[in-house]
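*Asks:* Reading the sequence shown from the start, the letters are residues 1 to 295 in this note's numbering.
Glycine included, each C-beta is placed from N, C-alpha and C at the ideal position.
Quick caveat: nothing in here was measured; it's all calculated off a predicted structure.
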Amino acid sequence: MTTPMMDLCLPGLVRGAVQCRATVVEHEPMARNTWRMKLECPEIARQILPGQFFMVRLPGRSDPLLGRPFAVYDIYQDESGQPRGLDFGYVVVGKMTSLLESLRPGDDVELWGPLGNGFPPPPTGHLVIVAGGIGVTPFLAVIREALRRRIYGQPPRELGHVPSRITLCYGVRSAEFLAGVEEFRREGIDVRIATDDGSSGHRGFVTELLQELLDETSPPAAVYCCGPEPLMHAVARLTDAANVPCWLSLETPMACGFGACFSCVTKVKQDDGSWDYRRVCVEGPVFPARQLAFD
Ligand SMILES: Cc1cc2nc3c(=O)[nH]c(=O)nc-3n(C[C@H](O)[C@H](O)[C@H](O)COP(=O)(O)OP(=O)(O)OC[C@H]3O[C@@H](n4cnc5c(N)ncnc54)[C@H](O)[C@@H]3O)c2cc1C
Ligand code: FES
Numbered sequence: 001m002t003t004p005m006m007d008l009c010l011p012g013l014v015r016g017a018v019q020c021r022a023t024v025v026e027h028e029p030m031a032r033n034t035w036r037m038k039l040e041c042p043e044i045a046r047q048i049l050p051g052q053f054f055m056v057r058l059p060g061r062s063d064p065l066l067g068r069p070f071a072v073y074d075i076y077q078d079e080s081g082q083p084r085g086l087d088f089g090y091v092v093v094g095k096m097t098s099l100l101e102s103l104r105p106g107d108d109v110e111l112w113g114p115l116g117n118g119f120p121p122p123p124t125g126h127l128v129i130v131a132g133g134i135g136v137t138p139f140l141a142v143i144r145e146a147l148r149r150r151i152y153g154q155p156p157r158e159l160g161h162v163p164s165r166i167t168l169c170y171g172v173r174s175a176e177f178l179a180g181v182e183e184f185r186r187e188g189i190d191v192r193i194a195t196d197d198g199s200s201g202h203r204g205f206v207t208e209l210l211q212e213l214l215d216e217t218s219p220p221a222a223v224y225c226c227g228p229e230p231l232m233h234a235v236a237r238l239t240d241a242a243n244v245p246c247w248l249s250l251e252t253p254m255a256c257g258f259g260a261c262f263s264c265v266t267k268v269k270q271d272d273g274s275w276d277y278r279r280v281c282v283e284g285p286v287f288p289a290r291q292l293a294f295d
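Okay, here's the thing in structure tokens:
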């Protein structure tokens with residue numbers, strides 16, 4: 001059952017977001033400490049844009065009291081191709097994610113969303129995606145939308161031409177943390193892996209894979225990135241030096257998720273060189289890298 005969220009928050013900030021209960025229909029391991037949870041919620045599945053997220057809570061529990069933000073990994077469809085529900089991918093780090101891990105098919109979770117802006121429509125040239133760890137989750141939907149394999153948004157948003165090339169550079173500590181690689185490869189894109197210990201792909205930082213692409217004679221049209229803050233900072237610096245547009249999806253901890261508490265603010269540069277704050281939950285989580293003032 002869905003309830004519009006508009007009366008719970010500042011008008012216009014979370015247009016289209018709803019609060020609903022969704023039932024777990026599948027819950028499978030994706031990688032070490034990492035799970036994929038499929039939730040049935042057809043009304044919401046039609047609306048999401050790649051890069052948006054949901055606040056997730058467990059019904060009937062006051063501990064943890066606050067919801068936690070999770071990016072949509074993708075929508076799943078029924079046999080007739082209609083959106084049927086949402087897929088999330090998460091890594092177990094604390095209280096909420098440990099409780100999520102114990103859920104079984106038939107259990108319910110509470111969702112608020114879809115929230116945030118999502119990634120911009122992809123460029124027509126070479127799209128390079130840089131993901132660190134569980135930061136890979138928003139990108140299956142980004143790639144499927146770019147390649148027109150799935151339609152997102154209600155009404156579907158306008159897109160330009162299909163990108164001429166898509167490369168995913170995906171970095172993790174070691175091979176056992178790689179999540180969803182075969183699924184990405186099935187989309188026919190170039191997937192390049194980096195691991196800290198050399199157990200899969202390039203031994204070293206994922207930014208080294210990005211640098212190779214930035215050094216090509218024809219540079220990428222855009223870079224999208226999500227992952228730990230030091231990675232995003234490094235990607236912002238490299239793309240700035242190469243003069244390539246870059247968008248970062250921030251994973252700032254959040255309390256309310258709909259613009260009311262200001263716990264998620266990030267520093268952004270203004271046109272006049274001064275700085276201001278923006279709420280990651282409503283004005284993000286995706287920002288042009290050049291706007292962000294990393295400390
Ligand atoms: C827009 C957005 C999308 C996200 N998408 C995903 C996703 O798809 N999959 C996924 O696994 N996680 C995602 N996250 C991160 C996720 O929200 C946190 O891992 C989750 O809130 C942890 O909850 P917990 O109760 O298990 O951990 P807690 O008990 O709250 O915290 C455990 C530890 O993790 C740290 N921590 C908590 N949240 C964060 C954070 N955001 N960044 C860094 N450290 C943190 C805490 O400081 C603490 O040390 C996303 C975050 C944002 C803002
Ligand atoms: S989490 Fe409350 S304003 Fe962003």
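1) So what does H202 bridge to, in DSSP terms?
2) Which runs of the alpha helix (DSSP H) fall wholly inside the region 46-133 and span at least 4 residues, in chain order?
3) Could you pull the start and end residues of the beta strand (DSSP E) that E306 belongs to?
4) With C-beta atoms as the reference, is G133 less than 7 Å away from V172?
5) Could you check if P285 is buried or exposed, using at least 16 other CB atoms within 10 Å of its CB as the buried criterion?
6) With a threshold of 6 Å (Cβ to nearest heavy atom), would A71 be considered close to ligand 1?
7) Spell out the partners DSSP gives I151 in its beta bridges.
8) What do you get for E158, buried or exposed, if any count of 16 or more other CB atoms within 10 angstroms of its CB means buried?
9) For ligand 2, list every residue whose C-beta falls under 7 Å from any of its heavy atoms, going in chain order.
10) Name, in chain order, the residues that DSSP records as bridge partners for A241.
11) Among P59, P253 and T239, which residue has its Cα nearest to the Cα of W247?
12) Report the CB separation of F184 from I143 in whole angstroms; it is logged as a contact under 8 Å.
13) Going by the C-beta, is Y277 closer than 6 Å to any heavy atom of ligand 1?
14) Which residue marks the beginning of the beta strand (DSSP E) containing R279, and which one marks its end?
15) So who's on the other strand from E40, going by DSSP bridges?
16) State the beta-bridge partners of C226 as determined by DSSP.
17) Just to confirm my understanding: we take S174, look at its own chain, exclude 5 residues before and 5 after, and list those with CB closer than 6 Å. What are they?
18) Pull up the distance between the alpha-carbon of G259 and that of L214, whole angstroms please.
19) Assign D271 to one of two classes, buried (16 or more other C-beta atoms within 10 Å of its C-beta) or exposed (fewer than that).
20) Using 7 Å as the threshold, is the C-beta distance between I166 and L210 below it?
21) Within 10 Å of its beta-carbon, does Q82 have 16 or more other beta-carbons around it, so buried, or fewer, so exposed?
*Replies:* Taking the structure as given:
1) According to DSSP, which records beta bridges pairwise, H202 is partnered with A194.
2) You should have 95-101.
3) Here the chain comprises residues numbered 1 to 295, so residue 306 is not present and cannot be evaluated.
4) Going by C-beta atoms, G133 is nearer than 7 Å to V172.
5) Buried, because 16 or more other Cβ atoms sit within 10 Å of the Cβ of P285.
6) At least one heavy atom of ligand 1 is nearer than 6 Å to the Cβ of A71, so yes.
7) Beta-bridge pairing links I151 to no other residue.
8) Label assigned to E158: exposed.
9) Counting only beta-carbon distances shorter than 7 Å to the non-hydrogen atoms of ligand 2, the qualifying residues in chain order are M254, A255, C256, G257, F258, G259, A260, C261, F262, S263, C264, R279, V280, C281 and V282.
10) Its beta-bridge partners do not exist; DSSP assigns none.
11) It is T239.
12) Confirmed, about 7 Å.
13) Incorrect: Y277 has no Cβ contact closer than 6 Å to ligand 1.
14) Here the beta strand (DSSP E) through R279 covers W275 to R279.
15) The partner list for E40 (beta bridge, DSSP) reads T23 and G85.
16) According to DSSP, C226 bridges with A131 and S249.
17) Counting only Cβ-Cβ distances below 6 Å, and skipping sequence neighbours, we find T195, D197 and S199.
18) Cα to Cα, G259 sits roughly 36 Å from L214.
19) Exposed is the call here.
20) Taking 7 Å as the cut-off, the beta carbon of I166 is found no closer than this to the beta carbon of L210.
21) It is exposed - the Cβ of Q82 has fewer than 16 other Cβ atoms within 10 Å.
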